[in-house]
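Numbering (numbering that gives the first Met the number 0), first residue to last: 0 to 56. Virtual Cβ for every residue (Gly too), placed ideally from N, Cα, C. None of the values given here were measured: they were computed from a predicted structure. Take a look at the structure set out below.
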Amino acid sequence: MSDTAYGELIDNPPAREFRTVPGEVHTIQVSLAVGDLGFEELAEASTEDPEGVLRTL
0 MSDTAYGELI DNPPAREFRT VPGEVHTIQV SLAVGDLGFE ELAEASTEDP EGVLRTL
């Protein structure tokens, strides 16, 4: 891994968790099961909310 890539990874680590509202749990589970969205995409989407909560897909 290049020094630049390593620096970016350390400065901006990928999300390892995210929160959601109860009504979205089933939608998230289905999206992950069918491969529609990956965990990384869902975690990234949660960062758009000021509270870090994935509210809708």
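Three-state secondary structure assigned by DSSP to residue i
i   : result
L53 : strand
T26 : helix
E47 : coil
D10 : helix
L36 : coil
Beta bridge counterpart(s) of residue i as assigned by DSSP
i   : result
T3  : Looking at the DSSP assignment, T3 forms no beta bridge with any residue, so it has no partner.
R18 : V52
Spatial distance of residue i from residue j (CA atoms)
i   : j   : result
L31 : E40 : 10 Å
V20 : T55 : 8 Å
L36 : V24 : 14 Å
G51 : F17 : 7 Å
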